[in-house]
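As they're listed, the protein sequences go chains R and S. Residue 40 in my numbering sits at position 40 of the first sequence, and the numbers go up by one each step. Residue 1054 in my numbering sits at position 54 of the second sequence, and the numbers go up by one each step. The beta carbon of each residue, even a glycine, is placed where N, CA and C say it ideally should be. For reference, the structure discussed in these notes is given below.
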Amino acid sequence: NAGVTQTPKFRILKIGQSMTLQCTQDMNHNYMYWYRQDPGMGLKLIYYSVGAGITDKGEVPNGYNVSRSTTEDFPLRLELAAPSQTSVYFCASSRDGSTDTQYFGPGTRLTVL
Amino acid sequence: LAKTTQPISMDSYEGQEVNITCSHNNIATNDYITWYQQFPSQGPRFIIQGYKTKVTNEVASLFIPADRKSSTLSLPRVSLSDTAVYYCLVGAFSGGYQKVTFGTGTKLQVIP
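Shown next as structure tokens:
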């Protein structure tokens, strides 16, 4: 199993551009998450999904959108990129949302100039 | 959500036992305590989880007193490769989602 994979690994955007961060898991997990981590800080939850077709906001959803059309994929869309969105983005999945272990991807480092 | 408080950083020499304490005074009855480890430029990785008393696995031990208002992650005989940030999370199933919050964590520096 590859676990949780994310693409791209790095990306530089200009202000106002848009992009989609891809996340795929092959563990047949129901729950998937998107976090952002600013330098020297902990992780903040952007959006999460409890299953295909079901998503909900986390702590910091503004400026982002998600969709979950399949169990495996959970893309994160950035519209009108702003410098404040410069961060490392981590996707994670877990079997369920109770107390189950979250498995993280390698992250995408995004810079908005 | 139960808020957690951890030391910002700790230093330890190789071969020593390291104990990182997390305070969670308003932990709820259903809350579990989970610890994650994060190396630079990587996503966090699960270390250990517990509800009460003591839990031990091949990597660490977790000590939880009877009142559950704190917990201590114990790493035996640390090596340089244990240099990382350690996060204490408290959360439980609520409304269909495990509501947990990653704080700023404890940055452990292992010294040769």
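Give the secondary structure of R:L113 by DSSP, where H, G and I count as helix, E and B as strand, and everything else as coil. Here residue 113 of chain R refers to the residue found at position 113 when the first sequence is read from its first residue. If DSSP states are grouped into helix, strand and coil, R:L113 belongs with coil.
Please report the straight-line C-alpha distance between S:T1029 and R:R11, rounded to a whole angstrom. Position 29 of the second sequence, counting from 1, holds the residue named residue 1029 of chain S. Position 11 of the first sequence, counting from 1, holds the residue named residue 11 of chain R. Those two C-alpha atoms are separated by around 43 angstroms.
For S:Q1049, collect the residues of the same chain with a Cβ closer than 8 angstroms to its Cβ; drop the 5 residues on either side in sequence, then sort them by chain order. As a position in the second sequence, residue 1049 of chain S is number 49, starting the count at 1. Only Y1032, I1033, T1034, W1035, V1055, L1062 meet the Cβ criterion.
Counted within 10 angstroms of its Cβ, other Cβ atoms place R:T108 as buried (16 or more) or exposed: Start at 1 with the first residue of the first sequence, and residue 108 of chain R comes out as number 108. R:T108 is buried by the Cβ-count criterion.
Is there a Cβ from chain R that is less than 9 angstroms from the Cβ of S:R1045? One-based indexing of the second sequence puts residue 1045 of chain S at position 45. S:R1045 counts as touching chain R.
Can you tell which of R:Q102, R:D26, R:V112 has its C-alpha closest to the C-alpha of S:P1044? Numbered from 1 along the second sequence, position 44 holds the residue referred to as residue 1044 of chain S. Taking only the C-alpha atoms, the option nearest S:P1044 is R:Q102.
What residues in the segment 85-109 of chain R bring their beta carbon closer than 9 angstroms to a beta carbon of chain S? V88, F90, C91, A92, S94, D96, G97, S98, T99, D100, T101, Q102, Y103, F104, G105, P106, G107, R109
Measure from the C-beta of S:Q1042 to each C-beta in chain R and report whether the shortest distance is under 9 angstroms. Position 42 of the second sequence, counted from the start, is the residue given in the question as residue 1042 of chain S. Yes, because at least one Cβ of chain R sits closer than 9 angstroms to the Cβ of S:Q1042.
According to DSSP, simplified to helix, strand and coil, what is S:G1095? Here residue 1095 of chain S is taken as the residue at index 95 of the second sequence, counted from 1. Low local confidence applies: a pLDDT of 49 at S:G1095 is under 50, so the model's placement there is unreliable, with the coordinate-based value given in what follows. Note: S:G1095 maps to coil in three-state DSSP.
What are the uninterrupted segments assigned as beta strand (DSSP E) that are 3 or more residues long and contained completely in the segment 64-98 of chain R, given in chain order? 64-66, 76-78, 87-94
Below 8 angstroms, can you find three or more Cβ-Cβ pairs linking the segment 23-43 of chain R to the segment 87-97 of chain R? yes
Given this structure, state the Cα-to-Cα distance separating S:G1095 from S:T1021, to the nearest angstrom. The residue you call residue 1095 of chain S lines up with position 95 of the second sequence. The residue you call residue 1021 of chain S lines up with position 21 of the second sequence. Residue placement at S:G1095 is flagged as unreliable, the pLDDT there being 49, under the threshold of 50; a coordinate-derived value is accordingly withheld.
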